[in-house]
Structure formats: C-alpha cells, structure tokens
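Reading through the structure tokens given below for one structure.
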Amino acid sequence: MIRKPIANGRFYPNKKEELNSLIKELGLVETQSRCRAKGVIMPHAGYPFSGKVAAVTISKIAAVKNIIMLGPNHTGLGEDFSLSNAQSWQTPYGEVKINQILSEKILNAGGCVQKDSLAHKEEHSLEVELPILQYFFKDFQIVPISCKNADRETYQQVASQIREGIKKDLPDTLVLASTDLTHYEPDSIARKKDRKVIESIVDLNPDKLITETEKNHITMCGVAPVAIMLYCLRSSLKKAEVALYETSGDAGGDYNSVVGYVGIILK
142 MIRKPIANGR FYPNKKEELN SLIKELGLVE TQSRCRAKGV IMPHAGYPFS GKVAAVTISK
202 IAAVKNIIML GPNHTGLGED FSLSNAQSWQ TPYGEVKINQ ILSEKILNAG GCVQKDSLAH
262 KEEHSLEVEL PILQYFFKDF QIVPISCKNA DRETYQQVAS QIREGIKKDL PDTLVLASTD
322 LTHYEPDSIA RKKDRKVIES IVDLNPDKLI TETEKNHITM CGVAPVAIML YCLRSSLKKA
382 EVALYETSGD AGGDYNSVVG YVGIILK
C-alpha cells in the first residue's frame, strides 16, 4: 500500500521542478561539511513560511539510512501512537519506502506504538518533511509515527519502545521530531515563549519542556514528538544546536499574529 500525499499543492509544490526552484529560492547554500546527528527538530508549515528553517537545518546534517519520524496528530484520528502500515509514502520526488524490519522491531518492543493508517490519512506534519529530506538525503527509509498528547510517563514508555526497537540500528538512524512552536500570537510574545521551549531542548530536558509549555500556555503542537525524541535519545546525546529560528512574520511580513519555527540538531 502506498500512502498518497495530501499536502502537495497546499503546503508545498506538487511538481518536482517547482520544488527544486522553491528550495533554491530560499537562499540555501548547501553545506559542504555536514555533521552526524542523532536527532533533529523541523517545522511543518507551508514551505513559504517554514521551508527555509527546515531546509537550512537538514542541509547541515549528513545523510542517514533510516529516519524515525515523530509528528503531532492534528486530526485526532487513529491510535494514540500510530506507526503507518503503508509500504511507502509518495511525494513529487518519488516514493520513500518504510523500513518494515525496523517497524516490526519497534512494534514488538512494547505496546504503546500500534500499526495504524487512520492517523496518517489526513495528517500533514510528517509528509511535509519528506521532500526536503529527499532533496538532501536522496536514499533513505522511514518509520513514520503519529503522536497524540499524553502524560510524561506515557511519553517515556513510547520512547523506551522506540529505543529498544532501534538500538542495534542506532548508528544509522536519525530520530526526527516535527513541530511548530507558538501559534498566532504577536511576534514579540511568540519569541519570548519560544525561547523557553528552545532552552529546554538545548538543555536536553524533556521534563522541563513539558513543564514550561504547560506553565506558560505555549501552543507548541509537537510537545509529544519532541519529548519522546528527547527521552529516547537523552542517554546518548551530548549537545543540541539551533540551526535557525524564525517566525512566520519574517517570511510574510505580518508580525501581529505569527507562528514560531525552529530547526535544532541534536548530536
């Protein structure tokens, strides 16, 4: 089964040539020396708004064989933690295969993550990352997992299940968390709130991230995927670096009501 795209033509162009042109228009200079990363955070809005942050971030990372993709569930459909049961996902650049062996290892390592297609049917948060990953990485396989909000104990259980599933493949695997930050607040307020989120991530502290977003009413849509990624990788991480932070105001010029976007590389 092929998971057909649902965000093409809306969040990103639906033709390969248009995609290439747009990514080049973002002002990218491909990095000659790319770092080896264990984790990465990318935004998932329309490319005219968040594409620069996403592309600049991925341009700094060395290609990998496998990507565990964690994204928020905006639709509320499907299992709480849903691993796509498709064979591949389609984009204008072609199909990206799902690593079936790695998927089964994760499914067999615990009970939180379940195989499910419904959560992915109308969800854009992972799909929009794929063309940018394909542009820079070329050949790789994915394990897409959609995540609903839960408590930190559940996030820890999900993280443990994923880590147990990928432990033998960890050197060849990147864990990607898809999220936008503060939604629809004035630029100055969004930046202040987003700074608290970014500091928590740079500190490699998922507990702090959860506390700060709750205490300060930060409308970050991907708390679950980011917290799960941090819990999953925390014991092996040494540092996290911000590749780029912007708000939608930087792209569109409207600073009265913005969404925050950040790219962070975890090593």
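For reference, each letter of the sequence shown is one residue, going 142 to 408 in my numbering. From the three backbone atoms N, C-alpha and C, an ideal C-beta is built for every residue, glycine too. Computed from a predicted model, the values in this text were never measured in an experiment.
Query                                                                                                                             : Result
Any C-beta of chain D under 8 Å from that of ILE406                                                                               : Absent here is chain D; the protein component of the structure consists of one chain.
contact_flag[the segment 146 to 159, the segment 180 to 200] where n(CB pairs < 8 Å) is 3 or more                                 : yes
8 Å CB neighbourhood of SER398 in its chain, flanking five on each side removed                                                   : TYR325, GLU326, PRO327
Exposed unless 16 or more other CB atoms sit within 10 angstroms - verdict on GLU264                                              : buried
Environment of ALA203 [buried if 16+ CB atoms lie within 10 Å]                                                                    : exposed
Segment limits, beta strand (DSSP E) that includes LYS238                                                                         : 235 to 238
Selected residue, minimal CA-CA separation from MET361, among GLU159, MET183, ILE143                                              : MET183
Reduced DSSP category for MET409 - H, G, I as helix; E, B as strand; rest coil                                                    : In the structure as shown, the chain starts at 142 and stops at 408, and residue 409 therefore has no counterpart that could be examined.
Buried versus exposed, by CB contacts within 10 Å (16 or more), PRO312                                                            : exposed
Residue from GLU158, PHE222, VAL400 with nearest C-alpha to GLN302                                                                : PHE222
Where the beta strand (DSSP E) through HIS324 begins and ends                                                                     : 324 to 326
Close Cβ partners of ASP321 (< 8 Å) along its chain, the five nearest in sequence each way excluded                               : PRO184, HIS185, ALA186, SER191, MET361, CYS362, GLY363, VAL400, GLY401, TYR402
Per DSSP, cross-strand counterpart(s) of PRO213                                                                                   : CYS288
Local conformation of CYS373 per DSSP, three classes                                                                              : helix
Identity of the residue in ASP280, THR198, LYS157, LYS165 nearest LEU407 by Cα                                                    : THR198
Minimum C-alpha distance to MET370 - residue among GLU159, LEU163, VAL181, ILE143                                                 : VAL181
LYS206 in three-state terms, based on DSSP                                                                                        : coil
Local conformation of PHE190 per DSSP, three classes                                                                              : helix
Validate contact between the segment 328 to 347 and the segment 269 to 289 using beta carbons, cut 8 Å, 3 pairs                   : no
Burial state of MET210, where buried means 16 or more other Cβ atoms lie within 10 Å                                              : buried
Integer Cβ distance of ILE415 from ALA227, believed to fall under 8 Å                                                             : Lying outside 142 to 408, the shown extent of the chain, residue 415 is not represented and no answer is given.
Three CB pairs or more closer than 8 Å across the segment 252 to 271 and the segment 224 to 241                                   : yes
Contacts around GLN282, its chain only, beta-carbon distance under 8 Å, and the 5 residues preceding and following it disregarded : LYS206, ASN207, ILE208, VAL237, LYS238, ILE239, ASN240, LEU243
Cβ neighbours of THR232 in the same chain (closer than 8 Å, five flanking residues each side left out)                            : PRO146, ASN149, GLU268, LEU271, PRO272, GLN275
Buried or exposed by the 16-neighbour rule on C-beta atoms within 10 Å, applied to GLY212                                         : buried
Range covered by the alpha helix (DSSP H) that runs through ILE405                                                                : Run containing ILE405: none in the alpha helix (DSSP H); it sits in the beta strand (DSSP E), 399 to 407.
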